[in-house]
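Last residue of the sequence shown: number 450 in the working numbering, and the count goes up by one each step with no gaps.
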Amino acid sequence: MRSLFWRVLAAFWLALVLVAGLSILLGRALNNDALIIARHPGMQDLAARWTERYEAQGALAAQFLLDENRRQYRVSVQVLDDAGRHLSSRDPIVRRDRSPPPPDSDNRPNLPRFPWRQLSQEYTSPKTGQSYFFIYRIAHGELQDWRQDSLLWPLSALFIALVVLTLFSLLLTASITRPLNRLRRAVHDLGQTSYQQNSLARLADRHDELGVLARDFNRMGARLQGLIGSQRQLLRDVSHELRSPLARLRIALALAERADAQERAHLWPRLTQECDRLEALIGEILALARLDADPGAAHPIDLSELVARLRNDYALSTPDREIRSELAPGLELSGWPDMLERALDNLLRNALRFSPAGQPVEIHAKRQGEHLLLSVRDHGPGVAEEHLARLDEPFYRAPGQSAAGHGLGLAIARRAAERHNGRLIFANHPDGGFVATLDLPLTTPR
Numbered sequence: 005m006r007s008l009f010w011r012v013l014a015a016f017w018l019a020l021v022l023v024a025g026l027s028i029l030l031g032r033a034l035n036n037d038a039l040i041i042a043r044h045p046g047m048q049d050l051a052a053r054w055t056e057r058y059e060a061q062g063a064l065a066a067q068f069l070l071d072e073n074r075r076q077y078r079v080s081v082q083v084l085d086d087a088g089r090h091l092s093s094r095d096p097i098v099r100r101d102r103s104p105p106p107p108d109s110d111n112r113p114n115l116p117r118f119p120w121r122q123l124s125q126e127y128t129s130p131k132t133g134q135s136y137f138f139i140y141r142i143a144h145g146e147l148q149d150w151r152q153d154s155l156l157w158p159l160s161a162l163f164i165a166l167v168v169l170t171l172f173s174l175l176l177t178a179s180i181t182r183p184l185n186r187l188r189r190a191v192h193d194l195g196q197t198s199y200q201q202n203s204l205a206r207l208a209d210r211h212d213e214l215g216v217l218a219r220d221f222n223r224m225g226a227r228l229q230g231l232i233g234s235q236r237q238l239l240r241d242v243s244h245e246l247r248s249p250l251a252r253l254r255i256a257l258a259l260a261e262r263a264d265a266q267e268r269a270h271l272w273p274r275l276t277q278e279c280d281r282l283e284a285l286i287g288e289i290l291a292l293a294r295l296d297a298d299p300g301a302a303h304p305i306d307l308s309e310l311v312a313r314l315r316n317d318y319a320l321s322t323p324d325r326e327i328r329s330e331l332a333p334g335l336e337l338s339g340w341p342d343m344l345e346r347a348l349d350n351l352l353r354n355a356l357r358f359s360p361a362g363q364p365v366e367i368h369a370k371r372q373g374e375h376l377l378l379s380v381r382d383h384g385p386g387v388a389e390e391h392l393a394r395l396d397e398p399f400y401r402a403p404g405q406s407a408a409g410h411g412l413g414l415a416i417a418r419r420a421a422e423r424h425n426g427r428l429i430f431a432n433h434p435d436g437g438f439v440a441t442l443d444l445p446l447t448t449p450r
């Protein structure tokens, strides 16, 4: 992962190294002998011009060139041949300040040891191949004045470095602020319930902290949008489902008000039944809503114990119905036992509702890779293929069903499977009947 932290840190370090390195290089460049000789007008091309005149016109004409150069640029030059013989005058350096140095100048540590700087250059004549050694002596004051007059080049280099650093800083700032602005707009859209899941698709492709944040935000936004959508749909379905028992209660109450004592006693069981149905419906709605809340930490689930407990409960409540179980050994699952028991209970209740009398309901559990497949099969008529995909929608009931129910049991089972990072699968068994399978990962859900 290309960490944003290391990218910003590297950018600051690169800027510091670049500025420090440029400062050191400029300082050395301005103090380099070769650069001074190549750029100072009193020494630039002087060796070539002196050699050409010396070899063409003699020592006197060459000395005249050195004297003229000394008067104009205050640079004293001595020339030696390859044998060490002097070919020019050895006059002392001409100082810009003609006044004698202060008497205590030798005791000042900040002053140079000599009032001039000595530089040397070796030059070979292109015509004769003769080598000459040039010794330049330039006063420190003259050298300082030349440096001040020739700051255009280092300032230009510094300006170029600043431009490069500015562009680099702009790119780095844009690479951080633009994704943050996208996230800000996504947060605003999420607050306005108009969030689009693909709005951060490009940002989620990044391989740094912002990409991780975008992917997490996409998951959060998708879940929030799903929760908002499901809550809205649930409210619509609840309002629709509650109207029927409430209407029946109103009718029964109206009839009870007008009936005599004997007829009223006959209506009370109906009122009680409608109240029980309404209470059961509200209980299932609350159970469905609780599945969206934070269930807390996951716990180990003893699947065999859970199935055995449900079988015992149904053996007491419906002794005429048989529930068979076949569980593979060594199945370990982490999650929320109450939630999984509720889901399996709803699947069993749904299977018992549609399975004909005398036919068992079968529970199978096996491992498939890193997943647990927990299926409940009945021997009923099954469900048409076009209705399988909608069976786990709240309050949805396939056409032609006459069994009692509110259409929330399979929705509760689906929510429980999703809480375990799994899914609920519906299918018709090849040998007849209907199969509902909980496909759950064996790893601990988060």
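Backbone N, C-alpha and C define an ideal beta-carbon position, used for all residues, glycine too. Since this is a predicted model, take the numbers as computed values, not measurements.
Residue environment: HIS270 is assigned as exposed (fewer than 16 neighbouring CB atoms within 10 Å of its CB, all protein chains considered). The residues GLU326 and ARG328, in chain order, have a CB closer than 6 angstroms to that of PRO364 in the same chain once the five nearest residues on each side in sequence are set aside. For GLU422, the enclosing alpha helix (DSSP H) has its first and last residue at 413-423. Judged by their CB atoms, LEU378 and LEU282 are not nearer to each other than the 8 angstroms cut-off. Only exposed fits MET224, as fewer than 16 other CB atoms lie within 10 angstroms of its CB. ALA87 sits away from PRO119, with the two beta carbons spaced by 8 angstroms or more. Here the alpha carbons of LEU169 and GLN82 stand approximately 46 angstroms from one another.
For TRP54, the enclosing alpha helix (DSSP H) begins and ends at 50-61. The beta carbon of LEU392 sits closer than 6 angstroms to the beta carbons of PHE430 from its chain, once the five residues preceding and following it are set aside; these are given in chain order. A straight line joining the alpha-carbon of ALA302 with that of ALA190 spans about 31 angstroms.
For ASN432, the uninterrupted beta strand (DSSP E) run begins and ends at 427-432, by DSSP.
With a 10 Å radius around the Cβ and a threshold of 16 neighbouring Cβ atoms, LEU175 comes out exposed. In this structure the segment 413-426 touches the segment 334-347; the number of beta carbon pairs closer than 8 angstroms is three or more.
Linking ASN350 to ALA369 through their CA atoms gives a straight-line distance of about 17 angstroms. For ASP37, the enclosing alpha helix (DSSP H) covers residues 37-43. In the three-state reduction of the DSSP assignment, LEU64 falls in the helix class. For ARG313, the closest alpha carbon among the candidates LEU348, GLY436, LEU20 and ARG274 is that of LEU348. The Cβ-Cβ distance between GLY426 and LEU412 does not fall below 8 angstroms.
Classified as buried, LEU376 has 16 or more neighbouring CB atoms from the shown chains inside 10 Å of its CB. Shown here for GLU330: same chain residues with a beta carbon closer than 8 angstroms to its own, the five before and five after excluded, namely GLU366, ILE367, HIS368 and ALA369 in chain order. ARG252 and ASN432 have their alpha carbons spaced roughly 36 angstroms apart. Nearest neighbour of LEU18 by Cα position, chosen from ARG254, SER173, TYR136 and ARG89, turns out to be SER173. Taken in chain order, the complete beta strand (DSSP E) segments of 3 residues or longer contained in the segment 361-391 are 365-372 and 375-381. GLY437 and PRO385 have their alpha carbons spaced roughly 6 angstroms apart. Assignment of ARG353 by DSSP, reduced to helix, strand and coil, places it in the helix class. Going by C-alpha positions, ASN316 is about 22 angstroms away from ILE416. Excluding its 5 nearest sequence neighbours in each direction, LEU70 has C-beta neighbours in its own chain below 6 angstroms: VAL81 and SER92, listed in chain order. Across the set GLN266, ARG121, ARG236 and ASN36, the C-alpha of ARG236 shows the shortest separation from the C-alpha of PRO398.
CA-to-CA, the gap between LEU50 and ILE164 works out to about 32 angstroms.
Contact annotation, ARG381 with VAL311: C-beta distance approximately 14 angstroms; criterion of less than 8 angstroms not satisfied. Apart from sequence neighbours up to five positions away, the residues of its chain that approach TYR58 with a beta-carbon distance below 6 angstroms are ALA66, ordered along the chain.
Excluding the 5 residues flanking it on each side, SER129 has same chain C-beta neighbours closer than 6 angstroms at THR55, in chain order.
Residue pairing for PHE16: DSSP places it in no beta bridge.
For ALA14, the number of other beta carbons within 10 angstroms of its own is below 16, and it is reported as exposed. It is roughly 18 angstroms from the alpha-carbon of GLU374 to the alpha-carbon of TRP340. Under the three-state reduction of DSSP output, ASP85 falls in the strand class.
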